[in-house]
Structures are given as structure tokens and as C-alpha cells.
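Letter by letter, the sequence shown follows residues 1 to 116 in UniProt numbering.
We treat Cβ as the ideally placed atom computed from N, Cα and C, and that holds for glycine.
Take a look at the structure below.
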Amino acid sequence: MKTRTLIQAAVVAALVAAPALSFAQDQSNAPKTRAEVRQELIQLEQAGYNPATANDSTYPSDIQAAESRVTQQEGMAQAQLPTADTTGYGGASMGTMQSGQPAPHLAPAQSTYFGN
């Protein structure tokens, strides 16, 4: 009887864990869409690559040169972007704070025990 319960528990555990282990794809490994491929081709053409004039003898070097120019342009564009503070401690405070004086301690007009 105990082995049957153990087997049932193992099956239930496997069924519960299966969805977590069978995730279809990660976004970093996802195939590119047509729009992304088209954008890359436009970037390569702007970097000087012309697929209409490419021939078999110069094809690898032409496309690699255009890809390196695109990579350099993207690197320069990334270098010009402002960098975010990633230290995890929050931003620097730009203002100042003034602390006021403590509230004066005023004696009550009548004693707490007045009338008792």
C-alpha cells in the first residue's frame, strides 16, 4: 500500500513539475520575424552592401564588411546613450532639506487632574 502511495506521489510531482520544465522557447533564442530580417537587410544596404551586385567571389567579404560597419554604428549609438545607475542604491538626491525647530513644549492651561 505504501509503494502505491509513493508511486502516486511521484506521478503527481512529475505532473506538477512538467509545465515548468517544458517551456517552449526563450526570447533570446526565438526565431526572427520577417520585419526583423527586413530591418537587418536595410541596415546592411545602408552600410554599403548591395545584394544585386554581389558575386560568389566577393560575397563573404562584402557581407562581413557591411556587418562590421553596422556593428560599429550600433556600438557608437550605444556609447552615446546615457547610462543608467545600476548600483541598486537609488538616485542621488538633488535637493536639500531643512529641519525645523522642535515644537515648543507648552504647559497645559489646566492640570491633567483638574476637577478630580
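Does residue i pass the burial test, meaning 16 or more other C-beta atoms within 10 Å, or should it be called exposed?
i, result
"Tyr49", "buried"
"Leu106", "exposed"
Could you have a look at residue i and say whether DSSP puts it in helix, strand or coil?
i, result
"Leu106", "coil"
"Ala51", "Per the sequence shown, residue 51 should be read as Pro rather than Ala. Pro51 falls in the coil class under three-state DSSP."
"Ser111", "coil"
"Asp56", "coil"
For residue i, report the span of its alpha helix (DSSP H) as first-last.
i, result
"Ala30", "It is not in any alpha helix (DSSP H) - Ala30 carries neither H nor E in the DSSP assignment."
Expressed to the nearest angstrom, what Euclidean distance is found between the alpha-carbon atoms of residue i and residue j?
i, j, result
"Glu74", "Glu36", "15 Å"
"Thr33", "Val11", "39 Å"
"Ile7", "Pro31", "40 Å"
"Phe114", "Pro108", "11 Å"
"residue 134", "Ala13", "For the chain, the structure presents residues 1 to 116; residue 134 sits outside this window and is missing."
"Gln72", "Ala79", "10 Å"
"Gln110", "Asn116", "12 Å"
Determine the contact status of residue i and residue j, defining contact as a CB-CB distance below 8 Å.
i, j, result
"Asp62", "Ala52", "no"
"Ala47", "Ala77", "no"
"Gln43", "Val70", "yes"
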